[in-house]
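Chemist: Numbering (the UniProt record's numbering), first residue to last: 1 to 137.
Just so you know, even glycine gets a beta-carbon here, dropped at the ideal spot from N, CA and C.
Computed from a predicted model, the values in this text were never measured in an experiment.
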Amino acid sequence: MEPSVQTAERGECQDLPYNVFARSCPSRGTLEHVTGRWGSLTLGALHEGTFRFNELRRRVDGVSEKMLSQTLHALERDGLVHREAQPTNPPRVDYTLTPLGREVATRLLTLIHFVEGRMDDVLEARERYDETRAATE
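Take a look at the structure:
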């Protein structure tokens, strides 16, 4: 068995090279980028193909220009999104998933489709919860 990795950069990761449960482990930031509202929706949209910025913004309904820009920068930095700027006038920038990003998006879409498929159960649970809370107040 390989010795545990415990550096300031990787965090106290015990027997794994990375451990998202360790406060200083860099995998925690990537998990946040992937599972945050805009990150997950952006990855899901890009799984459909290549998009220009404004096309992607229309596809991810409700995201502001600033948030989409920040999200794309974070996902690009993590190696999940590829940004290709073409030297045209006006400039054309296309966004697509990298192979790693495609793998992450595929797994993420499994969760998204599961949640969508179980929303009736979630809505019923919310209703029961709200009725119980209202009765006790």
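(1) Assign residue 42 to one of two classes, buried (16 or more other C-beta atoms within 10 Å of its C-beta) or exposed (fewer than that).
(2) Are there three or more Cβ pairs, one per stretch, closer than 8 Å when the stretch 113-132 is compared with the stretch 62-70?
(3) Does the distance from the C-beta atom of residue 105 to that of residue 47 stay below 8 Å?
(4) Please classify residue 133 as buried or exposed, where buried requires at least 16 other C-beta atoms within 10 Å of its C-beta.
(5) Residues in the same chain with beta-carbon distance under 6 Å from residue 40, minus the five sequence neighbours each way, listed in chain order, please.
(6) Just to confirm the assignment: which complete alpha helix (DSSP H) runs, minimum length 4, are found wholly within the UniProt domain "HTH hxlR-type" (25-123)?
(7) CB-CB under 7 Å to residue 31, same chain, minus the five flanking residues each way: which ones, in chain order?
Modeler: Checking against the coordinates, here is how it stands:
(1) When all chains shown are included, residue 42 counts as buried.
(2) Taking a cut-off of 8 Å on C-beta distances, the stretch 113-132 does not touch the stretch 62-70, as fewer than three cross pairs fall below it.
(3) Between residue 105 and residue 47, the CB-CB gap stays under 8 Å.
(4) Residue 133 is exposed by the Cβ-count criterion.
(5) The answer, listed in chain order, is 108.
(6) Under the rule that a run must span 4 or more residues, the alpha helix (DSSP H) segments found entirely inside the UniProt domain "HTH hxlR-type" (25-123) read 27-35, 37-46, 53-59, 65-77 and 99-117.
(7) Taken in chain order, the residues that qualify are 20.
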